[in-house]
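Numbering (the UniProt record's numbering), first residue to last: 1 to 301.
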């Protein structure tokens, strides 16, 4: 192993195999052959002098050395990318790849246009936008930037608010044909409420703030989903009361399809840029966050 260094690309292959739990899946993702993936892993193991995987015909799993290698490889690739960006920064040009994630609802309705503009302004940057309502490990998934709604983000990451937003209560006028509209948060317990299932959130509890006092109200209902758009469709169909982002409900309230209930009460749910490294360590992420701040400052969510 004297004077022999592993190739950084082999660490990328290794991490892709770890993330996909499959040599063949890694080959598909990287656009390479199974044989090439196997060859690069064998070379990496030979150079490092350790076995990285326990392998059989049904599964692969990391050895204890492989677990250490995974952590170090993630840091190595992250540092290499940052170093390359700093070198390229002398050109004042953003190049490389930028992987962004967001929720289905917010991403579909509010991110297509800004990233279209950002791409045109940075033609040498490859942008990948992943929409999912599942919370992701940004480092493990290789995500540079997450655009999220709400204050519930992992404190291991860095975050910057890029737009104000609130969650508000709303329901269709048809829902109240045979029901009285609630006049206090406590009266929500007498209504059918539509639940959005979110990781890290206690099911059936809504936090309501009126600018002075914060109340936590337990509510009831028969319909729930992990997708915000489905919750909104149920609200529009008259199934109950939803607690949705202002950006999601505003247009329906303005055209009278929904009624804003208990308008003095809300939950702060700002739009945040969340990223695994400091902005000063990633030029492409820094430029993107600055662009989004300016973009959302000039529009009405």
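Ideal Cβ placement from N, Cα and C applies to all residues, glycine included.
Based on Cα-Cα distance, which residue from the options lies nearest to residue i?
i: residue 192; options: 168, 148, 154 and 218; result: 218
i: residue 53; options: 97, 14, 120 and 265; result: 14
i: residue 101; options: 169, 71, 32 and 128; result: 128
i: residue 77; options: 113, 10 and 241; result: 10
i: residue 250; options: 205, 277 and 169; result: 169
i: residue 273; options: 233, 160, 257 and 185; result: 160
i: residue 84; options: 107, 283, 150 and 240; result: 283
i: residue 19; options: 122, 141 and 123; result: 141
i: residue 69; options: 86, 57 and 45; result: 45
i: residue 74; options: 108, 144, 232 and 107; result: 144
i: residue 5; options: 42, 36, 48 and 26; result: 48
i: residue 135; options: 110, 123, 114 and 103; result: 103
i: residue 172; options: 25, 240 and 281; result: 240
i: residue 123; options: 211, 292 and 98; result: 98
i: residue 281; options: 56, 25, 42 and 86; result: 86
i: residue 80; options: 7, 255 and 180; result: 7
i: residue 40; options: 12, 25 and 57; result: 12
i: residue 58; options: 24, 64, 36 and 65; result: 24
With a threshold of 8 Å between beta-carbons, can residue i be considered close to chain D, or not?
i: residue 168; result: The displayed structure is made up of one protein chain only, and chain D is not part of it.
Less than 8 Å separating the beta-carbons of residue i and residue j?
i: residue 275; j: residue 285; result: yes
i: residue 60; j: residue 33; result: no
i: residue 38; j: residue 29; result: no
i: residue 166; j: residue 267; result: yes
i: residue 302; j: residue 248; result: No answer is possible for residue 302: it lies beyond the span of the chain, which begins at 1 and ends at 301.
i: residue 288; j: residue 118; result: yes
i: residue 257; j: residue 224; result: no
i: residue 303; j: residue 215; result: It is not possible to answer for residue 303, since the shown part of the chain is limited to 1 through 301.
i: residue 152; j: residue 189; result: no
Would you grab the beta carbon distance between residue i and residue j for me? Rounded to a whole angstrom, and I think it's under 8 Å.
i: residue 270; j: residue 163; result: 7 Å
i: residue 182; j: residue 261; result: 6 Å
i: residue 235; j: residue 194; result: 6 Å
i: residue 265; j: residue 209; result: 7 Å
i: residue 95; j: residue 125; result: 6 Å
i: residue 213; j: residue 133; result: At roughly 31 Å, the Cβ-Cβ gap does not stay under 8 Å, so residue 213 and residue 133 are not in contact.
i: residue 277; j: residue 82; result: 7 Å
i: residue 106; j: residue 50; result: No, residue 106 and residue 50 are not in contact; Cβ-Cβ is about 43 Å, not under 8 Å.
i: residue 157; j: residue 138; result: 6 Å
i: residue 292; j: residue 114; result: 6 Å
Return yes when at least one heavy atom of the ligand MN lies under 7 Å from the C-beta of residue i, else no.
i: residue 100; result: Summarising the ligand content, the structure contains no ligands, and the ligand MN is consequently not present.
Need the endpoints of the alpha helix (DSSP H) that residue i sits in, please.
i: residue 284; result: 283-297
Start and end of the beta strand (DSSP E) containing residue i?
i: residue 149; result: 145-149
i: residue 260; result: 259-261
i: residue 99; result: 96-102
Jot down the residue ranges of each uninterrupted beta strand (DSSP E) in the UniProt domain "HTH lysR-type" (6-63), minimum 3 residues, whole runs only, in chain order. As far as the UniProt domain "HTH lysR-type" (6-63) is concerned, its whole beta strand (DSSP E) runs of at least 3 residues are 53-55 and 60-62.
Residue ranges of each alpha helix (DSSP H) within the stretch 110-137, 4 or longer: Segments of the alpha helix (DSSP H) lying fully in the stretch 110-137: 112-121.
What are the uninterrupted segments assigned as beta strand (DSSP E) that are 3 or more residues long and contained completely in the stretch 202-245, given in chain order? DSSP runs (the beta strand (DSSP E)) wholly in the stretch 202-245: 205-209, 214-218 and 241-245.
Can you check the stretch 140-194 for any alpha helix (DSSP H) of at least 4 residues that lies completely inside it and give the ranges in chain order? Segments of the alpha helix (DSSP H) lying fully in the stretch 140-194: there are none.
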